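Only one structure is covered here, and it is reproduced in the block below.
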Amino acid sequence: MHFAVLRQSISRLLHAAGVERHVRELAYTDSLTGLPNRTTLLTHLNDLLVKARASKDMIAMLFLDLDQFKAVNDTLGHSTGDLLLKAVSDRLQRCVRSCDMVARLGGDEFTIIIDRAESRDSIARIAQAICESIEQPFSLSGQEIFVSISIGISLYPLDGDDISDLMKHADTAMFRAKEVGRSYSFY
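Here it is, written out as structure tokens:
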């Protein structure tokens, strides 16, 4: 009899732990892609900035936006759009080091944080590799889908020394890249 009560108590504890873990995942990750969300990104970036101020390291923030995403949703449906976002997130993660962060801000917007960036040229090479990876066709729902990406880049400490400035400047650079028809642009 006591064994059954103990087993039931353990079962309730495991269920509660699973629910807590699920709630934590919902709070800190994007539910579609499994990438870190804005909250996690901001916390991570804040921690990196504290370290970078002490070590004088450079940090790069890449703000990314898919160029033809609305057309995919409008013509092929939101389920295909969701598949595309998942596939894009996979490709983005393969383009950076494991110590760098790829996060989804929402919609078709992603951010990549490159910790201890070596130089502006090294960031340009990463941005170019990302563009080339995304421009390769995606095979989704039995169709080949072609998209491109626009990337805005801001660098700490050159373009700002706080999260707000870095995000604003990366966003500005991304819109400039779209306007002039380039794949990426530095602030």
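Here the sequence shown is numbered in our numbering, starting from 1059 and rising by one per residue. Idealized CB from N, CA, C, for every residue including glycine. Source: prediction; values computed, not measured.
Residue i - DSSP class collapsed to helix/strand/coil
| i | result |
| --- | --- |
| Phe1204 | coil |
| Asp1105 | helix |
| Ser1197 | strand |
| Val1063 | helix |
| Gln1126 | coil |
| Lys1226 | helix |
| Leu1216 | coil |
| Arg1155 | coil |
Residue span of the beta strand (DSSP E) that contains residue i, given as start and end
| i | result |
| --- | --- |
| Thr1256 | Since the first residue of the chain shown is 1059 and the last is 1245, residue 1256 is not available in this structure. |
| Arg1162 | Met1159 to Gly1164 |
| Asp1173 | Glu1167 to Ala1175 |
DSSP beta-bridge partners of residue i
| i | result |
| --- | --- |
| Met1232 | Answer is none; Met1232 lacks a bridge partner. |
| Gly1210 | Phe1121 and Ser1243 |
| Met1116 | Ala1175 |
| Pro1094 | Thr1087 |
Outcome for residue i when other beta-carbon atoms lying within 10 angstroms are tallied against a minimum of 16
| i | result |
| --- | --- |
| Arg1162 | buried |
| Val1160 | buried |
| Asp1220 | exposed |
| Ser1208 | buried |
| Ser1212 | buried |
| Cys1157 | exposed |
| Val1108 | exposed |
| Ala1112 | exposed |
| Ile1172 | buried |
| Leu1216 | exposed |
| His1136 | exposed |
N-terminal and C-terminal residue of the alpha helix (DSSP H) that residue i is part of
| i | result |
| --- | --- |
| Arg1152 | His1136 to Arg1152 |
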